[in-house]
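Trainee:
Chains as they are written, first to last, in full-length UniProt numbering: chain A, 1 to 584; chain B, 1 to 584.
(1) Am I right that residue 141 of chain A and residue 398 of chain A are in contact with their C-beta atoms under 8 Å? What's the rounded C-beta distance?
(2) Closer than 9 Å by beta-carbon distance: list the chain A residues that pair up with residue 538 of chain B, in chain order.
(3) Among B:258, B:292 and B:422, which has the Cα closest to the Cα of residue 337 of chain B?
(4) Comparing the C-beta of residue 514 of chain A with each C-beta of chain B, is any distance below 8 Å?
(5) With a CB to CB cut of under 6 Å and the five nearest residues on each side skipped, what residues in its chain are close to residue 560 of chain A?
(6) Residue 474 of chain B versus chain A: which residues are under 8 Å apart at the beta carbon?
(7) Unbroken beta strand (DSSP E) runs of length 3 or more, entirely within the region 16-97 of chain B: which are they?
(8) Tell me where the beta strand (DSSP E) around residue 471 of chain B begins and ends.
(9) Which residues does DSSP list as the beta-bridge partners of residue 497 of chain A?
(10) Taking the DSSP output, what are the residues bridged to residue 442 of chain A?
(11) Alpha carbon to alpha carbon, how far is residue 143 of chain B from residue 49 of chain A? Give it in angstroms, no decimals.
(12) Do you know offhand how far residue 393 of chain A's Cα is from residue 545 of chain B's?
(13) Using a Cβ-Cβ cut-off of less than 8 Å, give me the residues of the region 380-396 of chain A that come near chain B, in sequence order.
(14) Check whether chain A comes within 8 Å of residue 507 of chain B, counting only Cβ atoms and requiring the distance to be less than that.
(15) Alpha helix (DSSP H) containing residue 179 of chain B: first to last residue?
(16) Could you check what DSSP says for residue 374 of chain B in three-state terms: helix, strand or coil?
(17) Is residue 196 of chain B buried or exposed, if buried means 16 or more other CB atoms sit within 10 Å of its CB?
(18) Using a Cβ cut-off of 9 Å, pull out every chain A residue sitting near residue 129 of chain B, in sequence order please.
(19) Using the Cα positions of residue 390 of chain A and residue 438 of chain A, report the straight-line distance between them to the nearest angstrom.
(20) Would you call residue 15 of chain B buried or exposed, if buried means 16 or more other Cβ atoms sit within 10 Å of its Cβ?
(21) Beta carbons nearer than 7 Å to chain B: which residues of the region 286-300 of chain A have them?
(22) With a threshold of 8 Å between beta-carbons, can residue 649 of chain A be considered close to chain B, or not?
(23) What do you reckon, are the CB atoms on residue 132 of chain B and residue 323 of chain B nearer than 8 Å?
(24) When you check each C-beta in the region 6-25 of chain A against every C-beta of chain B, which residues fall closer than 9 Å?
(25) If you draw a straight line from the C-alpha of residue 138 of chain A to the C-alpha of residue 329 of chain B, how long is it?
(26) Hey, could you find the ends of the beta strand (DSSP E) residue 325 of chain A is sitting in?
(27) For residue 367 of chain A, name the three-state secondary structure that DSSP assigns.
(28) Using the three-state DSSP reduction, which class does residue 485 of chain B fall into: helix, strand or coil?
(29) By how many angstroms is the C-alpha of residue 499 of chain A removed from the C-alpha of residue 452 of chain A?
(30) Please state the DSSP three-state secondary structure of residue 508 of chain A.
(31) Measuring alpha carbon to alpha carbon, tell me which of A:418, A:130, A:420 and A:467 ends up nearest residue 441 of chain A.
(32) As a quick exercise: from A:443, A:294 and A:485, pick the residue whose alpha carbon is nearest that of residue 518 of chain A.
(33) Could you check if residue 396 of chain B is buried or exposed, using at least 16 other CB atoms within 10 Å of its CB as the buried criterion?
(34) Show which residues of chain A have a CB atom less than 8 Å away from the CB atom of residue 551 of chain B.
(35) Against chain A, with Cβ distances strictly below 8 Å, would residue 564 of chain B count as a contact?
(36) Is residue 38 of chain A closer than 8 Å to residue 224 of chain A when the C-beta atoms are compared?
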């Protein structure tokens, strides 16, 4: 029973559900619905799909998430980046028949859903961590640019097919001659009004004496006004006849029950794209969910989030939708509007369902340029180059990762960009750890502390070399340490003892173990004893399972100071002292 | 000038070269030559190439290494594993024309040479470290088995083409009917004598009163005796007519000057194989070189070794040879025989050159079964499953890497095997570090030491949580730490302070930095102060370049004890105390 409960978070919050929470959920749902209708149409357009698929992707998936999701404010549905990745994934297939394209999108959502569910059941949420923050930031920024650029075709009313910046701009230049001026006028009007709505509307409403809350809600409805106005104009002056692309016929009625295409060839072609969409979608969704949860001292369960999002995508697939995830801006609106439980999402689903039942005819004359404008205004907020500056200041390696991700995403598209980003992050991390920081240390006079001989004025002895290793030892850096030590001891100094300080060594894998054994052998050949000090408990447990400790020419000291006390006197003198000691 | 010297180690040892060193080098060269003649023929056979290419690969490459190499005992030339990889690489091309096959081998040597030279010039020797010891051990063992199995075709005198264990055994079963009994007889005779020579010959010679040294040298010549005997038998009874495969016509004369094939398509097909051959060859060669150098307190320069081996492979390519590297057994023999400088290698080259000039006619009737026998006896010493036991005892993760490498190499061939091994090592390492060890610590009474509250009986305070992080923080484990801390503090305990102890944190990359900033924000929202203690110098320098330290709700303490002293009193009491303090 508890097992089942774990997978059904709804059982926890439904118990305490009451009128008060219902009211705030309903208000939030209303606002989000108003925001979601144009967004869902626009993102479907961005994904290269018929407008209604955006609406379908905004109904059942929200209900599924309300049942399986753990975030109380997350607003699931079509989002910009995932829509762009969907477009790229479908473009790879080189289909032309709209029915096949729609079916491919449905199948993509289904595969992505299965991947997310599998990751959830096997608790593989940590895989998302291999997308480093710089890579994500760079990817989102580059995607924002790609998306905005890709929408120019609707603003100019020309044909474009590219999925990389060079292609898109190339297409634009090539077809600029076919620009439809009325479309451009509508596009520019919509973009400028929408930008003004973002910045200028709320203050204006406030100056009209509205309460901040109402002003806020009305401002949220701003985009709807733009849609209504441009639709009316297009209808009145029959601009469709004058080359203005319009949404046109949108089927009325609830989502059709669909089944994905189970052709193995297609699954094979879509799998990598689905995997990338799943991981990017999960990362984007979980980060906003965590941020909003933290504000209310709530926790979200990442592995359960995978199941929630997986269920949503499967739901999208069986109801004629396409891949969905938790959207950032919408979730923030949902939270600000007072959503208290995932039920808010379910209510939003009802709102969208009503819209698909009664409002689709009104969308017939909606110009695509207006939708493109809403997308452009939405995604430009994703573009943020400050990450480049921040990374440059903090670490050149991280900067390289961001810069490469941005450039590769723009130049070769989202899939190459994000894959390269991940591989690069891992490669750079391995490169860094393959050259560990090793410091030769000495005793800080009158203390028991040991510090870098280059940074501090410390006590040393010519027959004693103490090296502090500042990195876990594993296959990639074991040989480096060996070379470092052997180079250090091949000198004319009368070295008797080498002490390796391990306070920062958290792991010694088998390659490193064999290297230490080898190092011990070679130092012994040179008549030098190898000692270890300050070895961590877990590492010690591990070493006890090997021959190293028995073969070690020296000893293992709990503290470096102890080692120092024991070894600081060179052998001859010590024996001397000992003899003296015995004499007394 | 010094720049040039760095790339020409010969300039260092040639100065001090004298008659004494020359003598010992000559003796070593003689013994190695006797050993190398049959080996070079056999390994050429293993690589699926004409016998003379083995001889050609044993002349110029040795001279090149003598000029550019840094090891004084390494014996460069054809070796078993690289020959097997060459066979696999050429098999990928699916060629049938012997001339094309030979040219492909020459080109492979050339590409591999260029790769090694490039790695040397750019000091990329560390790349070889990404082959973990367990992976190498597993790979060598599996290769030994593959090689031995692949030679059965010559022992049974049947056709076989497979490059994986299932294929090879399948071929054997399929063609067992065509077994040539005379060939089998020769094969079994050769194998058993060679095994006896390894174990039994030297003691026998000693019992005949030979000096250990001479006995040793004669024993080394044992394989030659087997070759002479079987060749004579084959010639006397004209066994070639009775289906015994013989080496046949081997062209007399010095290696021909050859040029590799520069067809880009071919280079494209061979590149990955050449890369794998280069890295495996380098690792095998550098490890034996280091072992032998250490015995004489000498050092080898890994990056210069790359240049030495690169030059050798280019030399092999321009003189009709195939990929070469430093062989383990031969180098040990060379060292034991008293080689003092790389000149020994040059002298060996002269010996082989003489052989190609005058001895090749004598090889005409040499049965391939004899060569196969020498290979089998040689490679079975590479097979060592003890690594499995050792790995199992030490770490299950390393065991997984060895086992997978062995299985994949046997099942899918050398290239898949070694690639999978590398990827697996990296993946397992990332997985391990993605779940860092975090210990909650308390004060050991009457000391300044802090230890794990689960392992020791320590002092703690309910308002104070101290977590020691035992891993560098980077993108793959940053979120794990965040979740860990947030889970720890979401309890009914009146927590006021969280102290993160960083004595073992050697790196904080940008993802981890942003996670710490986020953690600080969230803890602040919960009214909990975040403190850091025992932050390393390099990490501190890095953090100073960020906003973390200024935004931190708590402080950074040099020592954990200091933090403890400062924070151990809960806020209300402290203010109380302070007021008291001021009263006095």
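We put the CB at the ideal spot given by N, CA and C, even for glycine. Keep in mind it's a predicted model, so treat the numbers as computed, not measured.
Mentor: Per the coordinate set shown:
(1) That belief does not hold up - the Cβ atoms of residue 141 of chain A and residue 398 of chain A are roughly 15 Å apart, past 8 Å.
(2) 437 and 470
(3) B:292
(4) yes
(5) 450, 501, 533 and 534
(6) 132 and 429
(7) 75-77
(8) Neither: residue 471 of chain B is in no beta strand (DSSP E) and is coded neither H nor E.
(9) A:464 and A:529
(10) A:451
(11) 53 Å
(12) 7 Å
(13) 390, 391, 393, 394 and 395
(14) yes
(15) Counting along the chain, residue 179 of chain B falls outside any alpha helix (DSSP H), and DSSP gives it neither H nor E.
(16) helix
(17) exposed
(18) 434, 475, 476, 477, 478, 479, 480 and 511
(19) 28 Å
(20) exposed
(21) 294, 295, 297 and 299
(22) Any answer about residue 649 of chain A is impossible in this case: the structure gives chain A only from 1 up to 584.
(23) no
(24) none
(25) 52 Å
(26) 325-327
(27) strand
(28) helix
(29) 14 Å
(30) strand
(31) A:467
(32) A:485
(33) exposed
(34) Those do not exist, as residue 551 of chain B stays about 14 Å from chain A at its closest Cβ, beyond 8 Å.
(35) no
(36) yes
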